[in-house]
Amino acid sequence: MRLGILNDLHIALNGEFSHGVDTCQNTLDVLAAMKTERLDRIYLLGDICLQDPSIETYEWLMPHLHEVGVPFCIVPGNHDSVSLIKAAAGVDATFDEYQRDILDDHTILCLDSSKSQLNNAQLEWLHQQLNAGSGPVVLFIHHPPTTLAVPYMDARHSLSGREDLMRICLKSGRRMMVFCGHYHVDKVVIEDNVTIFSTPSCYCQIASHTDEFLVDHYRIGYRIIELSHRSLTTEVRYLTGNKVLQMS
Ligand SMILES: [Fe+2]
1 MRLGILNDLH
11 IALNGEFSHG
21 VDTCQNTLDV
31 LAAMKTERLD
41 RIYLLGDICL
51 QDPSIETYEW
61 LMPHLHEVGV
71 PFCIVPGNHD
81 SVSLIKAAAG
91 VDATFDEYQR
101 DILDDHTILC
111 LDSSKSQLNN
121 AQLEWLHQQL
131 NAGSGPVVLF
141 IHHPPTTLAV
151 PYMDARHSLS
161 GREDLMRICL
171 KSGRRMMVFC
181 GHYHVDKVVI
191 EDNVTIFSTP
201 SCYCQIASHT
211 DEFLVDHYRI
221 GYRIIELSHR
231 SLTTEVRYLT
241 GNKVLQMS
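Read in our numbering, the sequence shown has 88 at position 88, and its numbers run on one by one without any break.
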């Protein structure tokens, strides 16, 4: 089972180049690359829109996403709207609050963190899921469940109530592989039974060595996950990106 992960597209329509980046072309480049990867399924881990969610953005994206030719699931981010995704892409394109999939005997859990926090029902559902079995679990969520030693993001944009989420994951004792976006970094953080993989953005990457916002680089990335009976391997693939204007 080969899964493709992309996130943080932050698509600007109508020729707008935020930070001098052609995010439409970035999206097209990533999807074209993913089409060559013989994927079984794509998880899009949120932040499709540049700032406020807009149905025009989702309507622009959908035919290009379908063009890849594999089933997909959108895990919404804080710049997304579940209702607008459903309106543009159909009710099966995303989910309400949480979702469980079984793919080749692997338990795949998804959580909607688009409000930058989880509610009690989501946390209770996760607790129940983790205590219902014993094998490894893959969790897809836009926000990382802990800080990632990226000072700007940790201080200003980390998930509210992340301690409760992380406590449930750690206490379960289940081997968990958490795949997230939001931070615009390529990073792995391991804490006891929980391994967190942050996938780079399709927009720009954020520096990990400064307290203030600083673009690290404009290459763009997506992730491949290979699930087999007893193992999971994953890697990030980078593309050049389309930085078309110099910022003054
Ligand atoms: Fe985000």
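Even glycine gets a Cβ: it sits at the ideal position worked out from N, Cα and C.
Within 10 angstroms of the beta-carbon of arginine 223 lie 16 or more other beta-carbons, which makes it buried.
Of the candidates Ser198, Leu130, Ala207 and Thr147, Ser198 places its Cα closest to the Cα of arginine 237.
Assignment of methionine 1 by DSSP, reduced to helix, strand and coil, places it in the coil class. The stretch 29-64 is shown to contain whole beta strand (DSSP E) runs of 3 or more residues at 41-44, in chain order. Just measuring C-alpha positions, the residue of Phe72, Ile225, His19 and Ser54 sitting nearest leucine 214 is His19.
A straight line joining the alpha-carbon of isoleucine 5 with that of alanine 149 spans about 22 angstroms. The three-state secondary structure of valine 82, taken from DSSP, is helix. Distances taken from the Cβ of glycine 181 to the heavy atoms of ligand 1 include one shorter than 8 angstroms. Relative to the Cα of valine 91, the nearest Cα in the group His142, Val75 and Ser113 belongs to Val75. Each of Gln122, Asp101 and Met153 was checked against the Cα of valine 137, and the nearest Cα belongs to Asp101. In the three-state reduction of the DSSP assignment, serine 208 falls in the coil class. Bridge pairing for glycine 133: absent [DSSP].
Per the C-alpha coordinates, the member of His64, His209 and Ser83 positioned closest to isoleucine 55 is Ser83.
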